[in-house]
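Enquirer:
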Amino acid sequence: MIITLIERVKKISKDGKITCGKALKLAAEKNFSTRNVGKAANELKLKITSCSLGCFK
58 MIITLIERVK
68 KISKDGKITC
78 GKALKLAAEK
88 NFSTRNVGKA
98 ANELKLKITS
108 CSLGCFK
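Residue numbers in the sequence shown follow our numbering, run continuously in steps of one, and reach 114 at the last position.
1) So, at 7 Å on beta carbons, what are the nonlocal neighbours of residue 89 in its own chain, with the 5 sequence-adjacent residues on each side left out?
2) Quick check: residue 73 and residue 103, are their CB atoms within less than 8 Å of each other?
3) By the three-class DSSP mapping on this structure, what secondary structure does residue 61 have?
4) Can the beta-carbon of residue 69 be found closer than 8 Å to that of residue 98?
5) In its own chain, which residues sit with a C-beta less than 7 Å from the C-beta of residue 105, not counting the 5 before and 5 after it?
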């Protein structure tokens, strides 16, 4: 079965949030661009938390 990027992001999110670390790990492990992972999070209306750069709380 082919799992889309949006489905993968949704699967690793919790309570409408996804940590920056999980988003970066998904991008690296599955060879997705970080930009596309961010777009998928936006599409799902997820908040990015625990940002490695301190941009999102």
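We treat Cβ as the ideally placed atom computed from N, Cα and C, and that holds for glycine.
Model, not experiment: these values are computed from the prediction.
Expert: So, to answer that:
1) Once the five neighbours on either side are set aside, the close Cβ partners of residue 89 are 62 and 83.
2) Cβ atoms of residue 73 and residue 103: closer than 8 Å.
3) Residue state for residue 61 is assigned as coil, using DSSP reduced to three classes.
4) Against a cut-off of 8 Å, the Cβ pair of residue 98 and residue 69 comes out as no contact.
5) Around residue 105: 75, 77, 80, 98 and 113.
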